[in-house]
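Enquirer: The structure follows.
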Amino acid sequence: MKTTLSNLCDSELQQHVKEGSKQAFEVIFDRYWKRLFAYAFKIYNDEKIAEDIVQEIFISLWEKSNEANILNLEAYLIKSVKYKIANYIRDLKFSPVHIEILHNIPNTFKTEKDLEYKEFEKDIFNEIKKLPPKCQEVFILSRFEDYSNAEIAEQLDISVRTVEKHISNALKHLKATIGTYHLAILITGMFL
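Note that our numbering gives residue 254 to position 173 of the sequence shown, counting from 1, and the numbers run on in steps of one.
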(Lines of atoms letter the chains of each structure in order from A and count residues from 1; the text may use other names and numbers.)
(Lines give C-alpha, C1' and ligand atoms only; values in the text may rest on other atoms or scores of the structure.)
Protein backbone atom coordinates (compact mmCIF):
# COMPACT_ATOMS: atom_id res chain seq x y z
CA MET A 1 0.00 0.00 0.00
CA LYS A 2 2.78 2.45 0.96
CA THR A 3 4.60 1.71 -2.33
CA THR A 4 1.45 2.54 -4.29
CA LEU A 5 0.93 5.72 -2.28
CA SER A 6 4.51 6.87 -2.90
CA ASN A 7 3.66 7.22 -6.61
CA LEU A 8 0.92 9.75 -5.86
CA CYS A 9 1.35 13.51 -6.11
CA ASP A 10 1.17 15.69 -3.01
CA SER A 11 -2.45 16.74 -3.51
CA GLU A 12 -3.58 13.13 -3.82
CA LEU A 13 -1.63 12.20 -0.71
CA GLN A 14 -3.18 15.12 1.16
CA GLN A 15 -6.64 13.86 0.21
CA HIS A 16 -5.78 10.43 1.64
CA VAL A 17 -4.46 12.08 4.81
CA LYS A 18 -7.72 14.04 5.13
CA GLU A 19 -9.48 10.69 5.04
CA GLY A 20 -7.27 9.49 7.91
CA SER A 21 -4.63 7.49 6.04
CA LYS A 22 -1.56 7.15 8.22
CA GLN A 23 0.30 5.47 5.35
CA ALA A 24 -0.24 8.52 3.13
CA PHE A 25 1.00 10.75 5.94
CA GLU A 26 4.12 8.54 6.28
CA VAL A 27 4.80 8.97 2.56
CA ILE A 28 4.60 12.77 2.94
CA PHE A 29 6.84 12.55 6.01
CA ASP A 30 9.41 10.40 4.16
CA ARG A 31 9.25 12.68 1.12
CA TYR A 32 9.93 15.93 2.99
CA TRP A 33 11.52 15.26 6.38
CA LYS A 34 15.17 15.37 5.30
CA ARG A 35 14.65 18.43 3.13
CA LEU A 36 12.86 20.33 5.90
CA PHE A 37 15.45 19.33 8.48
CA ALA A 38 18.28 20.52 6.21
CA TYR A 39 16.46 23.82 5.62
CA ALA A 40 15.82 24.36 9.34
CA PHE A 41 19.41 23.47 10.19
CA LYS A 42 20.70 25.85 7.51
CA ILE A 43 18.72 28.70 9.09
CA TYR A 44 19.34 28.02 12.77
CA ASN A 45 22.40 25.75 12.80
CA ASP A 46 21.26 23.71 15.81
CA GLU A 47 20.48 20.06 15.10
CA LYS A 48 18.16 19.49 18.08
CA ILE A 49 16.12 22.65 17.48
CA ALA A 50 15.88 21.91 13.74
CA GLU A 51 14.67 18.38 14.49
CA ASP A 52 12.10 19.61 17.03
CA ILE A 53 10.78 22.24 14.65
CA VAL A 54 10.31 19.77 11.81
CA GLN A 55 8.59 17.30 14.15
CA GLU A 56 6.21 20.03 15.33
CA ILE A 57 5.37 20.92 11.73
CA PHE A 58 4.49 17.33 10.89
CA ILE A 59 2.44 16.93 14.08
CA SER A 60 0.54 20.09 13.21
CA LEU A 61 0.05 18.90 9.62
CA TRP A 62 -1.47 15.63 10.87
CA GLU A 63 -3.64 17.26 13.53
CA LYS A 64 -5.00 19.91 11.13
CA SER A 65 -5.31 17.65 8.08
CA ASN A 66 -9.13 17.81 8.10
CA GLU A 67 -9.27 21.60 8.05
CA ALA A 68 -6.15 22.40 6.01
CA ASN A 69 -6.55 23.62 2.45
CA ILE A 70 -2.98 23.55 1.18
CA LEU A 71 -2.45 24.30 -2.49
CA ASN A 72 1.32 23.69 -2.62
CA LEU A 73 2.45 21.30 0.10
CA GLU A 74 6.18 21.77 -0.41
CA ALA A 75 5.96 25.58 -0.26
CA TYR A 76 3.65 25.33 2.75
CA LEU A 77 6.09 23.09 4.63
CA ILE A 78 9.10 25.30 3.82
CA LYS A 79 7.26 28.43 4.98
CA SER A 80 6.16 26.55 8.11
CA VAL A 81 9.81 25.88 8.95
CA LYS A 82 10.58 29.57 8.58
CA TYR A 83 7.63 30.59 10.75
CA LYS A 84 8.38 28.01 13.46
CA ILE A 85 11.95 29.24 13.67
CA ALA A 86 10.64 32.80 13.84
CA ASN A 87 8.45 31.81 16.77
CA TYR A 88 11.39 30.11 18.43
CA ILE A 89 13.63 33.15 18.20
CA ARG A 90 11.08 35.98 18.26
CA ASP A 91 12.22 37.17 21.67
CA LEU A 92 15.86 37.04 20.69
CA LYS A 93 17.58 39.80 18.82
CA PHE A 94 19.00 38.77 15.48
CA SER A 95 22.73 38.64 15.48
CA PRO A 96 24.50 39.83 12.35
CA VAL A 97 25.27 36.15 11.62
CA HIS A 98 21.56 35.21 11.74
CA ILE A 99 20.61 38.18 9.56
CA GLU A 100 23.27 37.21 7.03
CA ILE A 101 22.10 33.59 6.98
CA LEU A 102 18.45 34.57 6.57
CA HIS A 103 19.34 37.09 3.89
CA ASN A 104 21.31 34.54 1.86
CA ILE A 105 18.81 31.67 1.94
CA PRO A 106 17.43 31.34 -1.54
CA ASN A 107 13.66 31.37 -1.65
CA THR A 108 12.86 29.21 -4.65
CA PHE A 109 9.25 28.70 -3.71
CA LYS A 110 7.16 31.26 -5.54
CA THR A 111 3.45 30.94 -4.88
CA GLU A 112 0.42 33.11 -4.63
CA LYS A 113 1.29 33.34 -0.92
CA ASP A 114 4.15 35.70 -1.88
CA LEU A 115 1.62 38.35 -2.88
CA GLU A 116 -0.30 37.77 0.35
CA TYR A 117 2.93 38.17 2.32
CA LYS A 118 3.80 41.42 0.53
CA GLU A 119 0.35 42.77 1.39
CA PHE A 120 0.76 41.56 4.97
CA GLU A 121 4.20 43.19 5.22
CA LYS A 122 2.76 46.48 3.93
CA ASP A 123 0.03 46.34 6.58
CA ILE A 124 2.62 45.75 9.29
CA PHE A 125 4.73 48.71 8.25
CA ASN A 126 1.57 50.82 8.24
CA GLU A 127 1.08 49.74 11.87
CA ILE A 128 4.69 50.66 12.68
CA LYS A 129 4.08 54.08 11.13
CA LYS A 130 1.20 54.60 13.58
CA LEU A 131 3.65 54.53 16.49
CA PRO A 132 4.81 57.87 17.87
CA PRO A 133 7.90 59.06 15.93
CA LYS A 134 10.44 58.42 18.71
CA CYS A 135 8.94 55.01 19.51
CA GLN A 136 8.99 54.13 15.82
CA GLU A 137 12.63 55.19 15.49
CA VAL A 138 13.71 53.21 18.57
CA PHE A 139 11.83 50.10 17.42
CA ILE A 140 13.34 50.16 13.94
CA LEU A 141 16.86 50.68 15.31
CA SER A 142 16.36 47.83 17.78
CA ARG A 143 14.59 45.19 15.72
CA PHE A 144 15.65 45.89 12.14
CA GLU A 145 19.06 47.56 12.43
CA ASP A 146 20.32 45.45 15.35
CA TYR A 147 21.35 48.31 17.63
CA SER A 148 21.68 47.51 21.33
CA ASN A 149 19.58 49.48 23.80
CA ALA A 150 22.70 51.30 25.00
CA GLU A 151 23.66 52.25 21.42
CA ILE A 152 20.16 53.56 20.73
CA ALA A 153 20.18 55.55 23.97
CA GLU A 154 23.51 57.11 23.07
CA GLN A 155 22.54 57.85 19.47
CA LEU A 156 19.20 59.44 20.41
CA ASP A 157 20.45 61.02 23.63
CA ILE A 158 17.85 59.32 25.82
CA SER A 159 18.14 56.90 28.74
CA VAL A 160 18.33 53.13 28.30
CA ARG A 161 15.16 52.87 30.37
CA THR A 162 13.37 55.14 27.88
CA VAL A 163 14.61 52.96 25.03
CA GLU A 164 13.24 49.87 26.80
CA LYS A 165 9.90 51.59 27.35
CA HIS A 166 9.63 52.56 23.66
CA ILE A 167 10.41 48.99 22.56
CA SER A 168 7.90 47.58 25.04
CA ASN A 169 5.21 50.00 23.86
CA ALA A 170 5.90 49.19 20.20
CA LEU A 171 5.72 45.44 20.81
CA LYS A 172 2.51 45.80 22.80
CA HIS A 173 0.94 47.84 20.00
CA LEU A 174 2.04 45.42 17.27
CA LYS A 175 1.06 42.32 19.22
CA ALA A 176 -2.35 43.83 19.90
CA THR A 177 -2.94 44.76 16.27
CA ILE A 178 -1.30 41.86 14.43
CA GLY A 179 -0.55 39.20 17.05
CA THR A 180 2.69 37.68 18.28
CA TYR A 181 2.81 34.96 15.62
CA HIS A 182 2.45 37.40 12.72
CA LEU A 183 4.99 39.77 14.26
CA ALA A 184 7.51 36.91 14.29
CA ILE A 185 6.69 36.12 10.66
CA LEU A 186 7.33 39.71 9.67
CA ILE A 187 10.64 40.03 11.46
CA THR A 188 11.95 36.80 9.96
CA GLY A 189 10.40 37.20 6.52
CA MET A 190 11.54 40.70 5.83
CA PHE A 191 15.18 39.63 5.52
CA LEU A 192 14.48 37.21 2.69
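Built from N, CA and C at the ideal position, the CB exists for glycine as well.
If we ignore side chains and look at the alpha-carbon of each, how far apart do Ser223 and Ile248 end up?
Expert: 8 Å
Enquirer: Measure the C-alpha to C-alpha separation of Thr284 and Glu208 and round it to an integer number of angstroms.
Expert: This structure gives no information on residue 284, because the portion of the chain shown stretches from 82 to 273.
Enquirer: Classify Asn150 as helix, strand or coil using the three-state DSSP reduction.
Expert: coil
Enquirer: Where Val244 and Tyr228 are concerned, what is the direct C-alpha to C-alpha distance, given to the nearest angstrom?
Expert: 11 Å
Enquirer: Applying the 10 Å Cβ sphere with the 16-neighbour rule, what's the burial state of Leu154?
Expert: Burial call: buried.
Enquirer: Alpha carbon to alpha carbon, how far is Lys123 from Ser141?
Expert: Between Lys123 and Ser141, the alpha-carbon positions lie close to 22 Å from each other.
Enquirer: Give the straight-line distance between the Cα atoms of Leu158 and Ala251, rounded to the nearest whole angstrom.
Expert: Distance between the alpha carbons of Leu158 and Ala251: 30 Å.
Enquirer: Under a three-way DSSP split, which group does Thr258 fall into?
Expert: helix
Enquirer: On the three-state DSSP scale, how would you describe Asn250?
Expert: helix
Enquirer: Looking at the secondary structure, which residues open and close the alpha helix (DSSP H) in which Asn230 lies?
Expert: Asn230 to Leu237
Enquirer: Quick check on DSSP: helix, strand or coil for Phe106?
Expert: helix
Enquirer: How close, in whole Å, do the beta carbons of Ala121 and Ile166 come, if the pair is a contact with beta carbons under 8 Å?
Expert: 6 Å
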